[in-house]
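Novice: Take a look at this one; I'll ask things after.
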Amino acid sequence: MSYVLKKTGVLLISLVLISLLTFLAFQVIPGDPTTKILGTDYTPERAEALREQLGLKGNIFVRYFQWLRGLLHGEPGISYSYFMPVKDVMAGKMQVTAILSILSWLLVMLFSIPLGIILARFQGSHLERTGIVVNQVFMAVPPFFLGILFTYLFGLLLRWFTPGSYVSYADDPAKALAYMLFPALAISIPKAAKTAKLLRSSILSEMNKDYVRTAYSRGNSRWAVLRDHVLRNAMLPVITYLAMSLADTVAGSIIVEQVFALPGLGRLLLSSIGNRDFPVAQCIVVIIAFIVVFMNYLADIVTQYIDPRVRLS
Amino acid sequence: MKQYLKNRNFRSGLLITGIMIVIILIGLLWTPYDPNAMDGSAKMQGPSFAHLFGTDNFGRDIFSRVVQGAGATFLIAAATVAIGLAVGLLIGGLTGYYGGWLDEVLMRVTDSILAFPSILLALVLIAILGKGKYNIIIALGLLFIPSFARIVRTEVAKQKNTDYVRNAKLMGAGGMRILFIHIMPNIVPVLLSSVAIGFNNAVLSEASMSYLGMGVQPPDPSLGRLLSEAQGYLFSAPWYALFTGLAIILLILGFGLLSEGMGGE
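Chains A and B supply the protein sequences, listed in that same order. The opening residue of the first sequence carries number 1209 in the numbering used here; numbering runs sequentially from there. The opening residue of the second sequence carries number 12 in the numbering used here; numbering runs sequentially from there.
Here it is in C-alpha cells:
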C-alpha cells in the first residue's frame, strides 16, 4: 500500500510540474495575440480590453494558477484563431484520438504476443529466421509511411475504404471503426514488431534457467514448459512495456491522423501550432502529457501487483 | 571491429548503411538529373531506364530528388546526433564522475524527459522556435541530449572504480584528465552503438516532423517533406511515395541493425 501511496505522490507532483513547464514553455514565445485577433479593428483600447478578457494581464504565476484552475474546471482558455472557448474547439476531437489509440494498442497486443511466442517456440528453425528478418524490417517502417501504403493499397486500389471520408463515431460507430482500422494498423504494426522481439528475447532468456531444466526433466514437452512455466515469468517485462506503450500509440496517432485526415487531437495540435493558436496547443500538449504520465503510473502499479519483487526491491 | 564483423546483424547493417552513405556522398556532387529541373514532356512517368524511380508532376527526376532528400535527412540526423552526443558527453561525464546531488537531480530530469514521446516534445520546441531546417536540428539535438547523457553517465560511473583509474589518480592526474583522457576512450564501444541508434531515431524524427510540415520547409529538400509531397500524387504516381518511403526505411533499418550488432538494444 505504501508503494502505491508513494507512486501516487510522485504522480501528483509530476502533474503539477508538467502543467507548470508547459505553461511556461508557451509563455516564452514572443508575439502579441491581440494584433492577430483584432486585425484591422486594432486600437490600443480594444487590445487592452482583449488582454483582460484572455487573461494575459498580471503576474505570470497568477496567470498560471488561473489557467490551471480553468483547466481543472474544463475551461482551459480562449482560442486565438476561432475566438471561442478552447473546450468548444476541442469538442469531439479527443474521442477520435482516444478510440484510435486504444484500438491500436489492442492490435499491438493481438499481434505481438502470439508472434513472440511462436518465434521463441520455433527457435533455430527456418520459420524463426525468416520471421526475425521480416520483424526487423517492420520495426524500421515509419507508421506514417505504412499509413500511406495502406491508403494506396486498401483505399485506392482495393477500394475497401475511401481515404478522407471519416464519419464521426457518434453518427455511425460501425463505419467509424471500420475506417479507423487502417490507421490503427499503421500505428500498431511497427510497435507490435518491437514488442514481439522483446517477448521473444524475454522467453529465450527464461529458457536457460534452472526451473526450466527441471520442468523438462519431468518429461514436459516444449509447449507445456512454455505455457505452464516460462510464459508467466517472461511476460513480466512485456506487460510493463505494453502498459507504457499506450502512451506511444497516442503519440503515434498525432502523426497518423494527418495521413488519414482524421479529425483528432493530433491534427488540431498541428494546425494550432501552424496558426500560432497557443491556448489550444498548450491544452492539447498538457492533456497528452497527463495521459503519458498517468499510463506510466498505471504500469508501475500493475507491475508491482503481478510481481511483488518490484515493490520489495 | 573484427568481433563485430562476426555478427550477422552488424554485417547487414554495415552493408545497407554503407550503400546508402555512398549513394548520398555521390549525390552531394552529382545526380543523374538536376533534382529541381522540370521537364514538361516527361510528367508523371513510371520508373524506366531514363528515370530510375520515374518522374513527378513537374517532370522532375524522382531518383535525383530522393538522393538529394536522403542527403539532407542524413546531414540533419548527423548534426542532431552531434549536438546530443557532445552535450551528453559533457553532462553525463561530469555527473557520472563526480556524482553528488547534481547527478541525482539531472538523472531524475533525464528520466522524466525520456518518459515522453519525443514527437510531442519536438512539436512543443518547434512551436517555440518556429519551423525550418536549422530549428529542427536544434529541437531534435536538444531532445537527444538526455539519452546520451544517461548512457555516458552509467558507463563513466562503472569505470570510476577500476584499477586503471585508481592508478591514474595515484600518479596525480586531475579529474578532468582522468575523465577525458583515461575513461572516455574506454566507453567508445558502448557509445558507437548508441550513436547508431541515435541516427536511427534522428532519421525517423526528421522524416516524421517534416512530413507533418513542422520540420524542413520548401524549397529545402528532405525525405519527410518529399513524402508529404508524394502523398498528393498517390493515385497518379504511386512510385513517388514508394521509393521515398523505401529510402527512409533503408536508412532506419541500416542504423538499427548496426546498433544491434554492436550490442545495443
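Where a beta carbon is used, it is the ideal one built from N, C-alpha and C, also for glycine.
(1) Taking only three categories from DSSP, how would you classify D45 of chain B?
(2) For M225 of chain B, which residues in chain A fall below 9 Å Cβ to Cβ?
(3) For Y222 of chain B, does the count of other Cβ atoms within 10 angstroms reach 16, so buried, or fall short, so exposed?
(4) Relative to chain A, which residues along the segment 243-260 of chain B have a C-beta separation below 7 Å, given in chain order?
(5) Is there a Cβ from chain A that is less than 8 Å from the Cβ of L238 of chain B?
(6) So if I threshold CB-CB distances at 8 Å, which residues from the segment 1351-1362 of chain A count as touching chain B?
(7) Less than 8 Å between C-beta atoms, sequence neighbours within five positions excluded: which residues of the same chain meet that for I27 of chain B?
(8) Determine the burial state of V116 of chain B: buried for a count of at least 16 other Cβ atoms within 10 Å of its Cβ, exposed for fewer.
(9) Starting from G272 of chain B, trace the alpha helix (DSSP H) both ways and give me its first and last residue.
(10) Can you confirm whether A213 of chain B, when its beta carbon is compared against all beta carbons of chain A, has any partner nearer than 8 Å?
(11) So, do the segment 1293-1304 of chain A and the segment 1470-1482 of chain A have three or more beta carbon pairs nearer to each other than 8 Å?
(12) Using a cut-off of 8 Å between C-beta atoms, extract the partners of I1463 of chain A located in chain B.
(13) Taking just the CA atoms, how far does G70 of chain B sit from S59 of chain B?
(14) Please state the DSSP three-state secondary structure of D72 of chain B.
(15) Looking at A88 of chain B: is its Cβ nearer than 8 Å to the Cβ of P1350 of chain A?
(16) Applying a beta-carbon distance threshold of less than 8 Å, which residues of chain B neighbour Q1466 of chain A?
(17) What are the residues of the segment 107-121 of chain B that lie near chain A, defined by any Cβ-Cβ distance shorter than 7 Å?
(18) Who are the neighbours of A1386 of chain A on chain B, taking C-beta pairs under 7 Å?
(19) Classify T121 of chain B as helix, strand or coil using the three-state DSSP reduction.
(20) Residues of chain A with CB closer than 9 Å to the CB of I267 of chain B, please, in chain order.
(21) On the criterion of 16 or more Cβ atoms from any shown chain inside 10 Å, does Y3 of chain B qualify as buried, or is it exposed?
(22) Can you list, in chain order, the residues of the segment 1497-1515 of chain A whose Cβ is nearer than 8 Å to any Cβ on chain B?
(23) Would you report the Cα separation of S1227 of chain A and L1276 of chain A, rounded to the nearest angstrom?
(24) By how many angstroms is the C-alpha of A1497 of chain A removed from the C-alpha of I156 of chain B?
(25) Closer than 9 Å between beta carbons: that is the criterion. Which residues of the segment 1222-1235 of chain A meet it against chain B?
(26) With DSSP as the reference, label P1293 of chain A as helix, strand or coil.
(27) Could you spell out where the alpha helix (DSSP H) holding S216 of chain B opens and where it closes?
(28) Does the beta carbon of A1378 of chain A sit closer than 8 Å to a beta carbon anywhere in chain E?
(29) Since M1443 of chain A and K1402 of chain A should fall inside the 8 Å C-beta cutoff, what is the C-beta to C-beta distance between them, to a whole number of angstroms?
(30) Counting C-beta neighbours from all protein chains within 10 Å, is the total for A1257 of chain A 16 or more, i.e. buried, or is it exposed?
(31) Spatial neighbours of G1355 of chain A within its chain, please: C-beta separation below 7 Å, excluding the five flanking residues on both sides.
(32) Closest to S216 of chain B by CA distance: which of B:I147, B:M195 and B:E271 is it?
(33) Which value, in whole angstroms, describes the spacing of the CA atoms of L203 of chain B and R22 of chain B?
(34) Counting along the chain, where does the alpha helix (DSSP H) carrying I35 of chain B start and finish?
(35) I'd like the list of long-range same chain contacts for F74 of chain B, defined as Cβ closer than 7 Å, with 5 residues on each side in sequence excluded.
(36) In this structure, how does DSSP classify I1286 of chain A when only helix, strand and coil are distinguished?
Specialist: With the structure as the only source:
(1) Within the second sequence, numbered from 1, the residue matching residue 45 of chain B stands at position 34. DSSP places D45 of chain B in coil when its eight states are reduced to three.
(2) Here residue 225 of chain B refers to the residue found at position 214 when the second sequence is read from its first residue. Those are L1478, I1481 and G1482, listed as they occur along chain A.
(3) Numbered from its first residue, the second sequence carries residue 222 of chain B at position 211. The residue is buried, with at least 16 neighbouring Cβ atoms inside 10 Å.
(4) For the segment 243-260 of chain B, which is checked against every Cβ of chain A, the residues closer than 7 Å are L245, F246, P249, A252, G256, I259 and I260.
(5) Position 227 of the second sequence holds residue 238 of chain B. Yes, its Cβ sits closer than 8 Å to a Cβ of chain A.
(6) F1352, F1353, I1356, L1357, T1359 and Y1360
(7) As a first step, residue 27 of chain B is located in the second sequence; it is residue number 16 there, counting from the start. The residues are L261, L264, G265 and L268.
(8) Here residue 116 of chain B refers to the residue found at position 105 when the second sequence is read from its first residue. V116 of chain B should be labelled exposed.
(9) The residue given as residue 272 of chain B occupies position 261 in the second sequence. From DSSP, the alpha helix (DSSP H) with G272 of chain B extends over P249 to G272.
(10) Within the second sequence, numbered from 1, the residue matching residue 213 of chain B stands at position 202. No, its Cβ sits nowhere closer than 8 Å to a Cβ of chain A.
(11) Segments in contact, yes.
(12) Here residue 1463 of chain A is taken as the residue at index 255 of the first sequence, counted from 1. Within 8 Å Cβ-Cβ: I130, S219, Y222 and L223.
(13) The residue given as residue 59 of chain B occupies position 48 in the second sequence. The residue given as residue 70 of chain B occupies position 59 in the second sequence. C-alpha separation (whole angstroms): 13 Å.
(14) Here residue 72 of chain B refers to the residue found at position 61 of the second sequence. In the structure shown, D72 of chain B sits in a strand (DSSP, three-state: E or B).
(15) Start at 1 with the first residue of the second sequence, and residue 88 of chain B comes out as number 77. Start at 1 with the first residue of the first sequence, and residue 1350 of chain A comes out as number 142. Judged by their CB atoms, A88 of chain B and P1350 of chain A are not nearer to each other than the 8 Å cut-off.
(16) In the first sequence, residue 1466 of chain A corresponds to position 258, counting from 1. Neighbours of Q1466 of chain A in chain B, taken as residues at a C-beta separation under 8 Å, are given in chain order as Y222 and L223.
(17) none
(18) Within the first sequence, the letter at position 178 stands for residue 1386 of chain A. Result: empty, since nearest Cβ-Cβ is about 20 Å, beyond 7 Å.
(19) The residue labelled residue 121 of chain B in the question sits at position 110 within the second sequence. Three-state DSSP puts T121 of chain B in a helix.
(20) Along the second sequence, read from residue 1 onward, the residue named residue 267 of chain B stands at position 256. According to the sequence shown, residue 267 of chain B is Gly rather than Ile. Neighbours of G267 of chain B on chain A, chain order: Q1344, M1347 and A1348.
(21) Outside the displayed range of chain B (12 to 276) lies residue 3 of chain B, so it cannot be described from this structure.
(22) A1497, V1500, V1501 and N1504
(23) For this step, residue 1227 of chain A is matched to residue 19 along the first sequence. For this step, residue 1276 of chain A is matched to residue 68 along the first sequence. Roughly 8 Å separates the two Cα atoms.
(24) Taking the first residue of the second sequence as position 1, residue 156 of chain B is located at position 145. Taking the first residue of the first sequence as position 1, residue 1497 of chain A is located at position 289. Distance between the alpha carbons of I156 of chain B and A1497 of chain A: 20 Å.
(25) S1222, L1225, I1226, T1230, A1233 and F1234
(26) Here residue 1293 of chain A refers to the residue found at position 85 when the first sequence is read from its first residue. Note: P1293 of chain A maps to strand in three-state DSSP.
(27) For the purposes of this step, residue 216 of chain B is identified with residue 205 of the second sequence, where counting begins at 1. Per DSSP, S216 of chain B belongs to the alpha helix (DSSP H) from V199 to Y222.
(28) Absence of chain E from the displayed structure is noted, the protein chains being A and B.
(29) Working through the first sequence from its first residue, we reach residue 1443 of chain A at position 235. Working through the first sequence from its first residue, we reach residue 1402 of chain A at position 194. Contact doesn't hold; Cβ gap of about 16 Å is too wide.
(30) The residue you call residue 1257 of chain A lines up with position 49 of the first sequence. A1257 of chain A comes out exposed.
(31) Here the question's residue 1355 of chain A lines up with position 147 in the first sequence. Taken in chain order, the residues that qualify are P1391, A1394, V1464, V1467 and F1468.
(32) The sequence position of residue 216 of chain B within the second sequence is 205, counting from 1. Nearest option by C-alpha distance: B:I147.
(33) Here the question's residue 203 of chain B lines up with position 192 in the second sequence. Here the question's residue 22 of chain B lines up with position 11 in the second sequence. C-alpha separation (whole angstroms): 15 Å.
(34) Numbered from its first residue, the second sequence carries residue 35 of chain B at position 24. Unbroken alpha helix (DSSP H) run through I35 of chain B: R19 to L40.
(35) Within the second sequence, numbered from 1, the residue matching residue 74 of chain B stands at position 63. The beta carbon of F74 of chain B sits closer than 7 Å to those of P43, H62, L63 and F64, all from its chain and outside the five residues before and after it, given in chain order.
(36) Along the first sequence, read from residue 1 onward, the residue named residue 1286 of chain A stands at position 78. Three-state result, I1286 of chain A: strand.
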